[in-house]
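The next block holds one structure in the form of structure tokens; read it before the comments.
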Amino acid sequence: MSKKEGDLMSISKEQLEQSFQGKSYVELKDLVQLIEENFGFNVTLQRKDEPEFTDEQKKRMTSVIFKDEDVLSQLRQAQRDRENGISTYSNSEDEFAQLLKEIQNEQ
């Protein structure tokens, strides 16, 4: 770690060696623990080649979002605005109509 001494985002080589003392191999969980304990971050790992969310996770999130009354209220207002000639959601009438259709199917 080539940070200047005393930087909050670095640890010394001695601290690093002490953290892994007696280990032939450093496992990923050891590195995560080191980061969390020394820098105060919550660390979540995800493979680079995997999608950010699975299709099932996306479906569940969509369902939760479109059951939220605040979200629905904003979309209803956007629909009223669009009907009155004010485009606040999208420049595409087709996209907006599709979104409203999907929301009605979720309810």
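Take numbering that gives the first Met the number 0: the final residue in the sequence shown is number 106, and no numbers are missing along the way. Quick reminder that beta carbons are idealized off the backbone N, C-alpha and C, glycines included. It should be emphasised that the depicted structure is a prediction, and the values quoted were computed from it without experimental measurement.
{"query": "If we ignore side chains and look at the alpha-carbon of each, how far apart do Phe19 and Leu27 end up?", "result": "12 Å"}
{"query": "With contact counted as at least three CB pairs below 8 Å, one residue from each stretch, are the segment 63–80 and the segment 91–106 in contact?", "result": "yes"}
{"query": "For a test of the three-state rule: what should DSSP assign to Glu99, helix, strand or coil?", "result": "Note that residue 99 corresponds to Leu in the displayed sequence, not to Glu. Residue state, collapsed to three classes: helix."}
{"query": "Rounded to the nearest angstrom, what separates Arg59 and Leu30 at their Cα positions?", "result": "32 Å"}
{"query": "Between the alpha carbons of Glu51 and Thr43, how many angstroms are there, rounded?", "result": "12 Å"}
{"query": "With respect to the alpha helix (DSSP H) encompassing Ile10, which residues constitute its N-terminal and C-terminal limits?", "result": "Taken as a continuous stretch (DSSP letters only), Ile10 belongs to no alpha helix (DSSP H), as it is neither H nor E."}
{"query": "Please tell me whether Asn41 and Ile10 are closer than 7 Å, where the distance is taken between their beta carbons.", "result": "no"}
{"query": "Is Arg75 helix, strand or coil when you go by DSSP?", "result": "helix"}
{"query": "How far does the alpha helix (DSSP H) with Asp67 in it extend, from its first residue to its last?", "result": "Here Asp67 belongs to no alpha helix (DSSP H), and DSSP marks it neither H nor E."}
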